[in-house]
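Q: Just so we're aligned, residue 64 is where the sequence shown starts under the working numbering, counting upward by one.
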Amino acid sequence: MLREEELGHETHRLLTGAALPGHRLTRPLAHPLPLDHVEVAVEIAPYGAAIRSRIVVTARTGAEMEAMVACAGAALALYDMVKAVERGAVIADLRLEAKSGGKSGEWRRRPGRRQRSAE
């Protein structure tokens with residue numbers, strides 16, 4: 064994972080800034096969640112990037128949708144930055160890796176096992 068200094072202060076700020084408002088728009092018709100902690104991490108690789116978010120709430124509900132929307136917002140901001148040099152950039156594999164709490168309790172993606180696709 065790249066630290067802010069390696070990614071560039073302004074780029075890191077932009078990606079984090081793009082992620083944070085997005086998570087608030089997740090449930091416009093539902094109850095607003097009081098978020099205790101929001102964290103966004105960007106890992107740059109030679110041919111791509113991985114964006115992860117972690118959201119902590121003390122409410123009695125899960126916040127996985129807020130975390131995924133935060134990642135999507137950061138991914139769209141990153142696409143906007145690179146589209147001038149690579150119009151073929153792809154945003155892929157937006158998925159939940161793990162969650163705990165809420166009504167459904169603990170869940171973690173099993174390594175090596177294919178999950179069902181929405182296709």
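Heads up, the beta-carbon is just placed ideally off N, CA and C, and yes, glycines get one too.
In three-state DSSP terms, what is Leu98?
A: Position 35 of the sequence shown, counted from the start, is the residue given in the question as residue 98. Three-state result, Leu98: strand.
Q: Need the endpoints of the alpha helix (DSSP H) that Val145 sits in, please.
A: By 1-based counting over the sequence shown, the position of residue 145 is 82. Note, Val145: alpha helix (DSSP H), 127-145.
Q: Going by DSSP, what residue range makes up the beta strand (DSSP E) through Val119?
A: Counting from one through the sequence shown, the residue named residue 119 turns up at place 56. First-last of the beta strand (DSSP E) with Val119: 111-120.
Q: Taking Val77 as the reference, which of Ala122, Ala130, Gly168, Ala140 has the closest Cα?
A: Taking the sequence shown and counting its residues from 1, one reaches residue 77 at position 14. Here residue 77 turns out to be Leu, not Val, going by the sequence shown. Comparing Cα-Cα distances from Leu77 to each of Ala122, Ala130, Gly168, Ala140, the minimum goes to Ala140.
Q: Give me the residue from Lys146, Ser116, Gly175 with the minimum Cα distance to Leu157.
A: Along the sequence shown, one-based indexing puts residue 157 at 94. Leu157 has its Cα closest to that of Ser116, out of Lys146, Ser116, Gly175.
Q: Since Ala137 and Val101 should fall inside the 8 Å C-beta cutoff, what is the C-beta to C-beta distance between them, to a whole number of angstroms?
A: As a first step, residue 137 must be located in the sequence shown, where it is residue number 74. As a first step, residue 101 must be located in the sequence shown, where it is residue number 38. Not a contact, Cβ separation roughly 11 Å.
Q: Does the beta-carbon of Ile114 have 16 or more other beta-carbons within 10 angstroms, so that it is buried, or is it exposed?
A: In the sequence shown, residue 114 corresponds to position 51, counting from 1. The residue in question, Ile114, is buried, as its Cβ has 16 or more Cβ neighbours within 10 Å.
Q: Could you have a look at Ala152 and say whether DSSP puts it in helix, strand or coil?
A: As a working mapping, residue 152 is identified with position 89 in the sequence shown. Of the three classes helix, strand and coil, the one that applies to Ala152 here is coil, per DSSP.
Q: Apart from the five residues just before and just after Arg172, which ones in its own chain have a Cβ nearer than 6 Å to its Cβ?
A: Along the sequence shown, one-based indexing puts residue 172 at 109. Taken in chain order, the residues that qualify are Glu160.
Q: Short check: CB of Gly165 to CB of Ala126, under 9 Å?
A: As a position in the sequence shown, residue 165 is number 102, starting the count at 1. As a position in the sequence shown, residue 126 is number 63, starting the count at 1. Against a cut-off of 9 Å, the Cβ pair of Ala126 and Gly165 comes out as a contact.
Q: Less than 7 Å between C-beta atoms, sequence neighbours within five positions excluded: which residues of the same chain meet that for Ala112?
A: Numbered from its first residue, the sequence shown carries residue 112 at position 49. Excluding residues within five positions, the ones whose Cβ falls inside 7 Å are Val105, Glu106, Leu141.
Q: How many angstroms separate the CA atom of Ile154 from the CA atom of Val103?
A: Numbered from its first residue, the sequence shown carries residue 154 at position 91. Numbered from its first residue, the sequence shown carries residue 103 at position 40. Going by the C-alpha atoms only, they are around 17 Å apart.
Q: CB-CB under 7 Å to Ala152, same chain, minus the five flanking residues each way: which ones, in chain order?
A: As a first step, residue 152 must be located in the sequence shown, where it is residue number 89. Same-chain partners within the cutoff: Tyr142, Val145, Lys146.
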